[in-house]
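Undergrad: I have a structure here, written as structure tokens, and I will follow up with some questions on it.
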Amino acid sequence: ALLTFLAIFSMAPICCSCIVSLLYTLYLFIANEESGVHHAQEFENRFWTIFTALLSTVMFFAKDSPIAFGIWNPSLGFLGVVVASYGMHIWDRHIHRQEIGRVIGLRRPISTAQSLVQLKAMGVPVEDQLAQINSCLADIDQLLIPSTINNIINERFILRKEREIITIFEEAGSRALNYIIQHCRLGLLFYKVKDHRNFTGQHRTELIELLAVARISVLTVVSRVIVLHALQMMKIPANIRAEYWVRNILLNTHQDDLSELKTLTDSKGCF
2 ALLTFLAIFS MAPICCSCIV SLLYTLYLFI ANEESGVHHA QEFENRFWTI
52 FTALLSTVMF FAKDSPIAFG IWNPSLGFLG VVVASYGMHI WDRHIHRQEI
102 GRVIGLRRPI STAQSLVQLK AMGVPVEDQL AQINSCLADI DQLLIPSTIN
152 NIINERFILR KEREIITIFE EAGSRALNYI IQHCRLGLLF YKVKDHRNFT
202 GQHRTELIEL LAVARISVLT VVSRVIVLHA LQMMKIPANI RAEYWVRNIL
252 LNTHQDDLSE LKTLTDSKGC F
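Mind the numbering: the sequence shown is residues 2 to 272 in the numbering used here, read in order.
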């Protein structure tokens with residue numbers, strides 16, 4: 002293997018040197034899970050995008066690369082780098098969105114149908130509230146536009162939609178709130194609702210504070226497990242108050258409820 006590598010290196014020293022450097026960078030990225038680049042999914046996504054941009058630049062422009070078409074046609078090479086980088090950016094976002102947008106299956110004391118029938122009998126428009134949340138989330142979560150760019154060019158629109166989501170959680174009754182938490186993509190909500198630069202736009206903090214602190218007393222054990230799961234999917238270091246929110250949920254769950262919470266948390270599998 003070493004002789005094969007040395008033979009390839011002698012044929013393409015520039016390309017091989019760059020690839021080895023990038024592989025070493027990749028090793029450091031994977032091996033150091035405590036580093037700041039892992040503190041939020043946005044940081045990891047930027048790493049993969051930049052890594053792909055550098056790798057494709059080497060492959061398309063290094064003079065000893067076997068596919069160095071960028072030397073003969075710089076415009077095509079530049080286009081190739083952009084396409085490869087954007088493709089990695091979109092793919093990584095898609096994979097992460099699928100994971101955090103998954104509604105976890107938990108054993109519920111009351112069936113979904115029974116709970117929904119009871120809420121309808123009480124005149125609670127919970128299906129409309131859930132549909133409105135999903136509609137606002139779809140408006141915020143643009144598939145082809147990164148959230149950072151979308152928040153800049155559509156800031157007022159995004160802020161308004163995030164406020165609508167928070168208002169629904171604020172105004173929902175206890176039963177409706179638990180139903181919504183158990184049937185919405187809460188992990189994706191926590192991820193897509195952002196803390197913006199302006200003081201009045203700290204919407205992610207406001208939303209999680211509402212569920213993990215202000216309204217924790219009305220949440221069922223199942224709902225608390227789902228909130229904990231959403232916080233885990235968001236990555237704890239993504240917000241400086243995340244550890245406080247987790248601790249507050251645990252400290253406000255007592256006796257048999259705490260045992261059930263632990264059992265349900267374990268039964269939902271890996272996150």
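For glycine and all other residues, C-beta sits at the position ideal for the given N, C-alpha and C.
Please read all numbers here as calculations on a predicted model, not as lab measurements.
Alpha carbons only, please: which of PHE191, GLY174, GLY71 is nearest the one belonging to GLU163?
TA: Within the sequence shown, the letter at position 162 stands for residue 163. For the residues PHE191, GLY174, GLY71, the minimum Cα distance to GLU163 belongs to PHE191.
Undergrad: Taking Cβ to Cβ, would you say VAL38 is nearer than 8 Å to SER57?
TA: Counting from 1 along the sequence shown, the entry for residue 38 is found at position 37. Counting from 1 along the sequence shown, the entry for residue 57 is found at position 56. Contact flag unset, no.
Undergrad: Exposed or buried, which one is LEU265 when buried takes at least 16 other CB atoms within 10 Å?
TA: In the sequence shown, the residue the question calls residue 265 occupies position 264. The residue in question, LEU265, is buried, as its Cβ has 16 or more Cβ neighbours within 10 Å.
Undergrad: Apply the 10 Å Cβ neighbour rule to THR149 and answer buried if 16 or more other Cβ atoms are within range, or exposed otherwise.
TA: The sequence position of residue 149 within the sequence shown is 148, counting from 1. It is exposed - the Cβ of THR149 has fewer than 16 other Cβ atoms within 10 Å.
Undergrad: Answer yes or no: do ALA63 and ILE15 have a C-beta to C-beta separation smaller than 8 Å?
TA: Within the sequence shown, numbered from 1, the residue matching residue 63 stands at position 62. Within the sequence shown, numbered from 1, the residue matching residue 15 stands at position 14. Yes, Cβ-Cβ distance for ALA63 and ILE15 is below 8 Å.
Undergrad: In terms of residues, what are the limits of the alpha helix (DSSP H) holding MET235?
TA: Here residue 235 refers to the residue found at position 234 when the sequence shown is read from its first residue. It spans 222-235 - the alpha helix (DSSP H) in which MET235 sits, taken as one unbroken run.
Undergrad: With a CB to CB cut of under 6 Å and the five nearest residues on each side skipped, what residues in its chain are close to ASP142?
TA: Taking the first residue of the sequence shown as position 1, residue 142 is located at position 141. Counting only Cβ-Cβ distances below 6 Å, and skipping sequence neighbours, we find LYS193.
Undergrad: What span of residues does the alpha helix (DSSP H) with GLU34 cover, start to end?
TA: On the sequence shown, position 33 is the one that residue 34 refers to. Per DSSP, GLU34 is not a residue of any alpha helix (DSSP H), being assigned neither H nor E.
Undergrad: Taking contact to mean at least 3 C-beta pairs separated by less than 8 Å, is the segment 47-61 in contact with the segment 83-91?
TA: yes
Undergrad: Apart from the five residues just before and just after ASN249, which ones in its own chain have a Cβ nearer than 7 Å to its Cβ?
TA: Indexing the sequence shown from 1 puts residue 249 at position 248. Only ALA213, VAL214, ILE217 meet the Cβ criterion.
Undergrad: So, under 8 Å CB-CB, LEU131 and GLU171 are touching, yes? Tell me the CB distance rounded to an integer number of Å.
TA: Position 130 of the sequence shown holds residue 131. Position 170 of the sequence shown holds residue 171. The Cβ separation is near 15 Å, so there is no contact.
Undergrad: Got a sec? Which residues, its chain only, sit under 7 Å from ASN33 by beta carbon, not counting five neighbours each side?
TA: Within the sequence shown, the letter at position 32 stands for residue 33. Hits under 7 Å: none found.
Undergrad: For LEU144, which option in GLU43, HIS95, LEU80 has the closest C-alpha, if you only look at C-alpha atoms?
TA: Walking along the sequence shown from the start, residue 144 turns up at place 143. Looking at the Cα atoms, HIS95 is the closest of the given residues.
Undergrad: Tell me the DSSP secondary structure of LEU203 in three-state form.
TA: As a working note, residue 203 is residue 202 in the sequence shown. Per the sequence shown, the amino acid found at residue 203 is Gln instead of Leu. Note: GLN203 maps to strand in three-state DSSP.
Undergrad: What would DSSP say about PHE272, mapped onto helix, strand or coil?
TA: On the sequence shown, residue 272 is found 271 positions in, with the first residue counted as 1. With a pLDDT of 45 at PHE272, under the threshold of 50, the predicted position of this residue should be treated as unreliable, and no value is reported.
Undergrad: From which residue to which residue does the alpha helix (DSSP H) around THR254 run?
TA: In the sequence shown, counting from the first residue as 1, residue 254 sits at position 253. Where THR254 is concerned, there is no enclosing alpha helix (DSSP H), given that its DSSP letter is neither H nor E.
Undergrad: Between LYS121, LEU229, VAL222, ASN199, which lies nearest to GLN256 when the distance is taken from Cα to Cα?
TA: Against the sequence shown, residue 256 aligns to sequence position 255. Ranking LYS121, LEU229, VAL222, ASN199 by Cα distance to GLN256 puts VAL222 first.
Undergrad: In whole angstroms, what is the alpha-carbon distance linking HIS90 and ILE31?
TA: Working through the sequence shown from its first residue, we reach residue 90 at position 89. Working through the sequence shown from its first residue, we reach residue 31 at position 30. Each residue's Cα considered, the two are about 18 Å apart.
Undergrad: Please report the Cβ distance between ASN240 and THR206, rounded to the nearest whole angstrom; I am assuming they are in contact, meaning their Cβ atoms lie under 8 Å.
TA: In the sequence shown, the residue the question calls residue 240 occupies position 239. In the sequence shown, the residue the question calls residue 206 occupies position 205. Your pair ASN240 and THR206 checks out as a contact, with CB atoms roughly 6 Å apart and the cut at 8 Å.
Undergrad: Given this structure, state the Cα-to-Cα distance separating ASP93 from MET123, to the nearest angstrom.
TA: Taking the first residue of the sequence shown as 1, we reach residue 93 at position 92. Taking the first residue of the sequence shown as 1, we reach residue 123 at position 122. Cα to Cα, ASP93 sits roughly 43 Å from MET123.
Undergrad: From which residue to which residue does the alpha helix (DSSP H) around GLN143 run?
TA: Translated into positions along the sequence shown, residue 143 becomes position 142. Run containing GLN143: none; DSSP gives neither H nor E here.
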